[in-house]
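2 protein chains.
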Amino acid sequence: MGNPSMADVARAAGVSAQTVSRVFRESPNVSPDTRRRVLAAVDELGYRFNNAARTLSSGRSRTIGLVLLQSGGYYSRSAVTAGVEAAAGEAGYAVSIATIAALDTGLMERSLSKLADQGVEGIVIAVPLIFATPRMEDITRDIPTVTLDGSRTAGASVLGIDQREAGRVATQHLLDLGHRQVWHVSGPDEWIEARQRRQGWQDCLTAAGIEPPPPLEGDWSPESGYRQGQIVAMIPDVTAIFAASDEMAFGVVRALRERGRAVPDDVSIVGVDDIALAAYCSPPLTTVRQDFYRFGAAAVGLLLEGAGAADSLVPASLSVRDSTAPPRGH
Amino acid sequence: MGNPSMADVARAAGVSAQTVSRVFRESPNVSPDTRRRVLAAVDELGYRFNNAARTLSSGRSRTIGLVLLQSGGYYSRSAVTAGVEAAAGEAGYAVSIATIAALDTGLMERSLSKLADQGVEGIVIAVPLIFATPRMEDITRDIPTVTLDGSRTAGASVLGIDQREAGRVATQHLLDLGHRQVWHVSGPDEWIEARQRRQGWQDCLTAAGIEPPPPLEGDWSPESGYRQGQIVAMIPDVTAIFAASDEMAFGVVRALRERGRAVPDDVSIVGVDDIALAAYCSPPLTTVRQDFYRFGAAAVGLLLEGAGAADSLVPASLSVRDSTAPPRGH
DNA sequence: GTTATAGATGTCATCGATAACATCTATGCT
DNA sequence: AGCATAGATGTTATCGATGACATCTATAAC
Chain A
1 MGNPSMADVA RAAGVSAQTV SRVFRESPNV SPDTRRRVLA AVDELGYRFN NAARTLSSGR
61 SRTIGLVLLQ SGGYYSRSAV TAGVEAAAGE AGYAVSIATI AALDTGLMER SLSKLADQGV
121 EGIVIAVPLI FATPRMEDIT RDIPTVTLDG SRTAGASVLG IDQREAGRVA TQHLLDLGHR
181 QVWHVSGPDE WIEARQRRQG WQDCLTAAGI EPPPPLEGDW SPESGYRQGQ IVAMIPDVTA
241 IFAASDEMAF GVVRALRERG RAVPDDVSIV GVDDIALAAY CSPPLTTVRQ DFYRFGAAAV
301 GLLLEGAGAA DSLVPASLSV RDSTAPPRGH
Chain B
1 MGNPSMADVA RAAGVSAQTV SRVFRESPNV SPDTRRRVLA AVDELGYRFN NAARTLSSGR
61 SRTIGLVLLQ SGGYYSRSAV TAGVEAAAGE AGYAVSIATI AALDTGLMER SLSKLADQGV
121 EGIVIAVPLI FATPRMEDIT RDIPTVTLDG SRTAGASVLG IDQREAGRVA TQHLLDLGHR
181 QVWHVSGPDE WIEARQRRQG WQDCLTAAGI EPPPPLEGDW SPESGYRQGQ IVAMIPDVTA
241 IFAASDEMAF GVVRALRERG RAVPDDVSIV GVDDIALAAY CSPPLTTVRQ DFYRFGAAAV
301 GLLLEGAGAA DSLVPASLSV RDSTAPPRGH
């Protein structure tokens, strides 16, 4: 009845089940003729490999887990995801996803548990994980884990894009144009990316002998950028703003314009992400781009090769467009 | 050595493995006291459930597969994905993803195979699947499958958002404003969504006694919208355009403006998706919104309940903003 | 001509949970 | 008291592939 098993294939091909197994695992020690016969039988019976059985007997599931935040709003995460999937697929691994609805420790623990139950051989955590609970560490102790953050989980490799670099590059660009002060609309404080970008901005200003103004915190969304933009617009003398994401940047632009501040004539703005629309909205946005796709792929590489936790630094490149200019009268 | 198994837990709790199993499956026939003892043992031993073993012995993997297109560019798909994940998670199902790099029959077959090997109990196909090959049908014959398309696979349920409605709503809005003709920048022809939206546009025009102009085909990206926009900008008398996605719409806007055509004063534009940026870019875009998240969730519901292939129609609502206006001198 | 040796193949126990079936209490009812 | 019945628990075989080990050729080396 049920689906044919290796034993059935073996019978049909006149060999042992073990040989069929060898054919599937591409063991070198199978004669071409036998292989052909086996494959023919597979085809004829419509045999389908049973991954659960392999996992059980071999202890290897050939699956990696990916922890995501449910709200898809945040751009770079989805690029990371694509990279993870691609790299995993290429290495013959399946990807099982666990999304968490919010940044909550309990939800995180549950997601990790679920993945562990599935026997994943590695976990990529693509949400900001500020602190790890003992239970999380219990799980990640047994499973190679990469967190795409600067955060530390005991035993978890950490692959960090140095987001400070992004903040530094953006801020320096504005300073180079002649601006004397740069304001910052940051991402939510729970996000390491947000904190790092803010740090980069701060460092850059400090290095230039400028006292950083208080940062304004958004939530990555255009709406939040708009709200913070309304505040900035009420402050005189603001000529340059670094927004931690393109979406927020456009929100800021809108708020400024509504208050009669032109971009880039009155105020220059730099974003981060280089989303597809950055070049096509108005004004085309100057923004910092980083290769998150490759980053995701790197995470998988780190996982599967078990290489040491090399904190890889993905370079940040600036796409200069029309949202930045020298300050008036410069 | 290895991880503790149910047998180990059973020994520690002084019960049989079967009872431990019952505790996990929340069988009603376990005394509260026994349950407590078992859970205590689980905790003490750090026992972790082995999903592969369950799958093998019960034949149920509690996993569903999701087929995606690798390029994350297309908005509504990611919303669908979120819906699928959420609904599956709620029902206690894991989600395994298989991404395909391009719309290619071979890649599709391989992805389906991979999911089938994993023993998924259902498959959600979230890429346009124009035609099904015999091999695909072989696979989907045994596994409940929902395609989020109008496409037909023998035996696969089809959950269709009626995208024609989106096209109709957008076009009608423009006609209502007084425009005498509406041009269309469509998505790629391989995408059912693209074809349906185009159909809706066509139908609407025809119903109004207007002969539809030739549609211009984009690829959902802002770039493609820009290219097609450049062409439209060279045609005199164009006063209204319906773009099949918001990103393309903004590309069109840019091209028009560069050629001195103001939006909405000279040309009105409607998009589809209502992406977060739609309200914050310039001009705020009039667009058609559909609840793709719910759509994804519905797909999972259909899969798990095995209900008949109810072609559910998600209503399309129009968000009127500033990219549309009556034609000049109206 | 023999002995090494690698290659091709087979046998059998095993991974861990579960389905199916068997027992063994309590409790209620006549 | 005697029996039916539901609830709680234990036993055993089983899912399908694989690891470890055994066997059996050919060919190479001496």
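In order, the protein sequence lines correspond to chains A and B.
The opening position of the first sequence corresponds to residue 1 in UniProt numbering, with each subsequent residue numbered one higher.
The opening position of the second sequence corresponds to residue 1 in UniProt numbering, with each subsequent residue numbered one higher.
Ideal Cβ positions, reconstructed from N, Cα and C, are used throughout, including at glycine.
These numbers come from a predicted model, not from an experiment.
| serine 317 (chain A), DSSP secondary structure in three states | Secondary structure at serine 317 (chain A): strand, using DSSP grouped into helix, strand and coil.
| Bridge partner(s) assigned by DSSP for aspartate 242 (chain A) | Per the sequence shown, residue 242 (chain A) should be read as phenylalanine rather than aspartate. By DSSP's assignment, phenylalanine 242 (chain A) forms a beta bridge with A:His184, A:Val270.
| Of the choices A:Gly92, A:Arg60, A:Ser111, whose alpha-carbon is the least far from that of glutamate 85 (chain B)? | Sorting A:Gly92, A:Arg60, A:Ser111 by C-alpha distance to the C-alpha of glutamate 85 (chain B) places A:Ser111 at the top.
| Whose CA, out of A:Arg11, A:Gly65, A:Gly59, lies closest to the CA of glutamate 44 (chain A)? | In terms of Cα proximity to glutamate 44 (chain A), the closest of A:Arg11, A:Gly65, A:Gly59 is A:Arg11.
| task | Could you check what DSSP says for arginine 325 (chain A) in three-state terms: helix, strand or coil? | result | A small fix is needed here, since residue 325 (chain A) is alanine in this sequence, not arginine. Secondary structure of alanine 325 (chain A) (DSSP, three-state): coil.
| query | Using the C-alpha atoms, what's the distance from glycine 271 (chain A) back to arginine 321 (chain A)? | reply | For arginine 321 (chain A) and glycine 271 (chain A), the distance between alpha carbons rounds to 11 Å.
| task | Within 10 angstroms of the Cβ of aspartate 162 (chain A), are there 16 or more other Cβ atoms? Answer buried if so, exposed if not. | result | Aspartate 162 (chain A) is buried by the Cβ-count criterion.
| task | State yes or no: is the beta carbon of threonine 203 (chain A) nearer than 9 Å to at least one beta carbon in chain B? | result | Reading the sequence as shown, one finds aspartate at residue 203 (chain A) and not threonine. Taking a beta-carbon distance threshold of 9 Å, aspartate 203 (chain A) does not count as an interface residue toward chain B.
| request: Would you mind reading off the limits of the beta strand (DSSP E) that contains alanine 208 (chain A)? | output: First-last for alanine 208 (chain A): undefined, no H or E at that position.
| query | Pairing CB atoms from the stretch 46 to 54 of chain B with CB atoms from the stretch 255 to 267 of chain B, are three or more of them under 8 Å? | reply | With a cut-off of 8 Å, the stretch 255 to 267 of chain B and the stretch 46 to 54 of chain B do not count as touching, because too few Cβ pairs lie within range.
| For serine 186 (chain B), does the count of other Cβ atoms within 10 angstroms reach 16, so buried, or fall short, so exposed? | Serine 186 (chain B) sits buried, since 16 or more C-beta atoms from the chains shown fall within 10 Å of its C-beta.
| Per DSSP, which one or two residues make a beta bridge with isoleucine 97 (chain A)? | Isoleucine 97 (chain A) is bridged by DSSP to A:Leu66, B:Val95.
| Do alanine 317 (chain B) and cysteine 281 (chain A) have their C-beta atoms closer together than 9 Å? | The sequence as given places serine at residue 317 (chain B); alanine does not occur at that position. The answer is no: Cβ separation not under 9 Å.
| said: Using only CA atoms, which one of A:Val232, A:Glu109, A:Ile235 lies nearest to alanine 132 (chain A)? | reply: Distance check between alanine 132 (chain A) and each of A:Val232, A:Glu109, A:Ile235 places A:Glu109 closest, using alpha-carbon atoms only.
| In angstroms, rounded to a whole number, what distance separates the CA positions of proline 315 (chain A) and glutamate 165 (chain A)? | If you take the alpha carbons of proline 315 (chain A) and glutamate 165 (chain A), they lie about 8 Å apart.
| Does any C-beta atom of chain B lie closer than 9 Å to the C-beta of leucine 56 (chain A)? | Yes, contact with chain B.
| message | Am I right that leucine 177 (chain A) and alanine 325 (chain A) are in contact with their C-beta atoms under 8 Å? What's the rounded C-beta distance? | response | So it is a contact: roughly 7 Å between Cβ atoms.
| field | Test item: CB-CB of alanine 116 (chain B) and isoleucine 139 (chain B) under 9 Å | value | Against a cut-off of 9 Å, the Cβ pair of isoleucine 139 (chain B) and alanine 116 (chain B) comes out as a contact.
| field | Classification of methionine 234 (chain A) by the beta-carbon crowding that lies within 10 angstroms, buried from 16 upward | value | That one is exposed.
| request: Can you give me the Cβ contacts of arginine 227 (chain A) inside the same chain, cut-off strictly under 8 Å, excluding the 5 residues immediately before and after it? | output: Answer for arginine 227 (chain A): Gly218, Gly251, Ala255, listed in chain order.
| query | In three-state terms, what does DSSP make of residue 334 (chain A)? | reply | An answer regarding residue 334 (chain A) cannot be provided, because it is not within the stretch 1 to 330 covered by chain A.
| request: Enumerate in chain order the residues of its own chain whose CB-to-CB distance from arginine 289 (chain B) is below 6 Å, with the five nearest sequence positions on each side excluded. | output: Same-chain partners within the cutoff: Asp274, Ser317, Ser319.
| request: Quick one: which unbroken alpha helix (DSSP H) runs of 4-plus residues sit fully inside the stretch 1 to 50 of chain B? Chain order, please. | output: Within the stretch 1 to 50 of chain B, the complete alpha helix (DSSP H) runs of at least 4 residues are 6 to 13, 17 to 24, 32 to 45.
| message | Please return the same chain residues whose Cβ sits closer than 6 Å to the Cβ of proline 4 (chain A), not counting the five positions on each side in sequence. | response | Counting only Cβ-Cβ distances below 6 Å, and skipping sequence neighbours, we find Leu45, Tyr47.
| What residues of chain B sit near valine 95 (chain A), judged by a beta carbon separation below 9 Å? | Those are Ser96, Ile97, Ala98, Thr99, listed as they occur along chain B.
| field | Alpha-carbon to alpha-carbon, valine 9 (chain B) and leucine 39 (chain B) | value | The straight-line gap from Cα to Cα measures roughly 9 Å.
| request: Tell me whether histidine 173 (chain B) is buried or exposed, calling it buried when 16 or more other Cβ atoms sit within 10 Å of its Cβ. | output: Here histidine 173 (chain B) is buried. Its C-beta has 16 or more other C-beta atoms within 10 Å.
| Sequence-distant residues of the same chain with beta carbon closer than 6 Å to arginine 197 (chain A), five excluded per side | Cβ within range, chain order: Gln163, Ala166, Gly167, Ala244.
| Reduced DSSP secondary structure (H/G/I, E/B, other) of isoleucine 288 (chain B) | The sequence shown places valine at residue 288 (chain B), not isoleucine. Here valine 288 (chain B) sits in strand by DSSP.
| How would you list, in chain order, the residues of chain A whose beta-carbon sits under 9 Å from the beta-carbon of leucine 277 (chain B)? | Those are Pro222, Asp246, Glu247, Phe250, Gly251, Ile275, Leu277, Cys281, listed as they occur along chain A.
| request: Could you check if isoleucine 231 (chain B) is buried or exposed, using at least 16 other CB atoms within 10 Å of its CB as the buried criterion? | output: When all chains shown are included, isoleucine 231 (chain B) counts as exposed.
| message | Cβ closer than 7 Å: which chain A residues qualify as neighbours of glutamine 118 (chain B)? | response | Residues of chain A whose Cβ lies closer than 7 Å to the Cβ of glutamine 118 (chain B) are, in chain order, Asn51, Ala94.
| task | Could you tell me whether the Cβ of aspartate 142 (chain A) comes closer than 9 Å to any Cβ of chain B? | result | Yes - at least one Cβ of chain B is within 9 Å of the one on aspartate 142 (chain A).
| Close beta carbons around valine 300 (chain A), own chain, < 6 Å, minus the five adjacent residues each side | Val84, Ala87, Ala88.
| query | Is DSSP giving valine 146 (chain A) helix, strand or coil here? | reply | Note: valine 146 (chain A) maps to strand in three-state DSSP.
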